[in-house]
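Some notes on the structure that comes next.
Residue numbers (the working numbering): 148 to 318.
Put into structure tokens, the structure is as follows:
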């Protein structure tokens, strides 16, 4: 039986897609992953993540994002290829069954495009839509701020994008 979620583990210097995944888990994940809203975030090496299977970690109350080869890791592993057209955030959204919510559509599409290094819907020609700017600053901030500060800052921008999209759709 799965323990309540105590820890969200991701790699050092998480990218926008892992930060969006953390936000999604905290916003929509409590029913599927009890405790996740209050779970702490830890930053692990790939070696630490591989000391147990993703299922073993989950049973101990840990969700792994973007590492460990589990459900929320799109990266290639020693035994498998990259999960095509996915990023950590889209995998989490699908697991939580929120991936088709209209107010998340743009956020998820842009997060995936940024993770894949593609231009995003809404780009002004320079690739500078608001979410792309957040992603750019996340990379810059990692050299100056703690991962917790970077996540907190980026989460504010993610929440603003989400709220603006909700307002737009309900206007």
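C-beta atoms are modelled at their ideal positions from N, C-alpha and C, and glycine is treated no differently.
From a predicted model like this one, the values you see are computed outputs, not experimental measurements.
Taking the C-beta atoms as reference points, residue 161 is found no nearer than 8 Å to residue 208. 157 is the residue among 157, 178 and 150 whose C-alpha sits nearest the C-alpha of residue 194. In the DSSP assignment, residue 172 falls within the unbroken alpha helix (DSSP H) covering 163-175. Straight-line spacing of the CA atoms in residue 299 and residue 256 works out to 22 Å. For residue 258, no pairing in a beta bridge is given by DSSP. For residue 189, DSSP records a beta bridge to 156. Rounded to whole angstroms, the separation of the alpha carbons of residue 191 and residue 151 is 20 Å.
Excluding sequence positions up to five before and after residue 149, its CB lies within less than 7 Å of the CB of 205 and 206, all in the same chain and listed in chain order. Shown here, residue 207 sits in coil according to DSSP, grouped into three states, outside any helix or strand. Here residue 254 is not near residue 234, since their CB atoms are 8 Å or more apart.
Taking 8 Å as the cut-off, the beta carbon of residue 210 is found no closer than this to the beta carbon of residue 302.
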